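Residues 133 to 357 in our numbering are what the sequence shown lists, from first letter to last.
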Amino acid sequence: MTSVLVVDDDPHLLRILKLALETNGYTVSTAVDGRSALLAASQNPLALVILDLGLPDIDGTTVIKELREWSRTPILVLSARHTSDDKVEALDAGADDYLTKPFGPDELLARIRALLRRSADQQAPEPVVITDNFTVDLAKHRVTRDGADVRLTPIEWKILEILVRNPEKLITHRQLLTDVWGPAYAKDSNYLRVFMAQLRRKLEPDTGNPRHLLTEAGIGYRFQP
């Protein structure tokens with residue numbers, strides 16, 4: 133069974149999440165504060181951590197940073213904080229996805245499945261990524277659409293490569309800008325908008341309603357295979 137750690141200081145929500153996850157076949161452990169969460173994560177092999185940011189002892193973002201010092205376990209953040217800054221901070225600290233309270237159980241379970249799929253894919257990386265509209269051969273640095281090669285600039289390729297290597301993961305503007313252009317450009321999101329528009333024109337059948345290169349307003353981008 134898949135082991136999940138749920139961290140939240142709301143006992144009512146903790147019980148609901150534990151029941152919902154166990155009903156769907158997950159093995160669930162719980163923690164009510166950050167230090168207990170870090171201890172539990174160090175003592176047990178986990179497939180996923182579900183983490184609230186507003187904890188009574190240390191902030192959830194601190195938990196993420198400390199966990200990332202020694203673990204690559206996927207982290208799904210649950211929080212009542214609605215601002216883009218909070219989401220960006222958690223994602224830049226190392227969280228893999230973010231779900232704002234209140235949320236529906238179906239969306240939670242779908243996010244969990246997506247994170248576990250991506251984690252499994254990273255353990256056995258596939259050099260060819262296939263969508264309904266285009267194919268990316270990571271080993272050959274080649275993109276094709278309708279059987280024909282798509283010519284990408286070096287910058288377009290770097291952006292696309294980061295996204296397709298992290299399917300369904302929300303990648304922040306800051307992370308993309310830093311990885312592609314360097315830390316000095318971490319706040320210049322206009323660069324990204326220009327190049328994402330170019331990628332969509334080359335790869336998406338409908339640039340006004342993209343299916344694969346998705347925008348999370350004010351936060352970043354997500355590749356949907």
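The beta-carbon is built from N, C-alpha and C at its ideal position, and this holds for glycine as well. Predicted model only: the values in this text are computed from it and were never measured.
Cutoff 8 Å; reference residue i; Cβ partners in own chain excluding five residues on either side
{"i": "D142", "result": "D184"}
Segment limits, alpha helix (DSSP H) that includes residue i
{"i": "T276", "result": "Looking at the DSSP string, T276 is not in any alpha helix (DSSP H); the run it does join, the beta strand (DSSP E), is 274-277."}
{"i": "I291", "result": "286-296"}
{"i": "V326", "result": "321-335"}
{"i": "I196", "result": "192-200"}
Buried or exposed (CB count within 10 angstroms, at least 16 for buried), residue i
{"i": "D264", "result": "exposed"}
{"i": "L171", "result": "exposed"}
{"i": "I262", "result": "exposed"}
{"i": "H214", "result": "exposed"}
{"i": "E239", "result": "exposed"}
{"i": "R249", "result": "exposed"}
Close Cβ partners of residue i (< 6 Å) along its chain, the five nearest in sequence each way excluded
{"i": "K219", "result": "Y230, I351"}
{"i": "L335", "result": "F266"}
{"i": "G279", "result": "none"}
{"i": "L270", "result": "P259"}
{"i": "V181", "result": "L137, T205, I207"}
{"i": "R297", "result": "none"}
DSSP bridge partner residues for residue i (one or two, in chain order)
{"i": "G352", "result": "T304, E348"}
{"i": "L178", "result": "None; L178 has no bridge partner."}
{"i": "V260", "result": "D269"}
{"i": "A252", "result": "DSSP output for A252 lists no bridge partner at all."}
{"i": "A163", "result": "V139"}
{"i": "V209", "result": "L183, Y230"}
{"i": "T134", "result": "Y158"}
{"i": "A280", "result": "R277"}
CB-CB length for residue i against residue j, believed under 8 Å
{"i": "V138", "j": "L149", "result": "5 Å"}
{"i": "R140", "j": "G166", "result": "As written in the sequence, residue 140 is Asp, which differs from the Arg given in the question. With 8 Å as the limit, D140 and G166 do not qualify as a contact, their Cβ atoms being about 11 Å apart."}
{"i": "R332", "j": "P342", "result": "5 Å"}
{"i": "H344", "j": "Q356", "result": "5 Å"}
{"i": "A318", "j": "L309", "result": "5 Å"}
Limits of the unbroken beta strand (DSSP E) element including residue i
{"i": "S216", "result": "It is not in any beta strand (DSSP E) - S216 instead sits in the alpha helix (DSSP H) that spans 216-225."}
Any non-hydrogen atom of the ligand ATP closer than 6 Å to residue i Cβ
{"i": "V282", "result": "This structure lacks the ligand ATP, and indeed carries no ligand of any kind."}
Spatial neighbours of residue i in its chain, beta-carbon cut-off 7 Å, leaving aside the 5 residues before and after
{"i": "A227", "result": "I196, I207, V209"}
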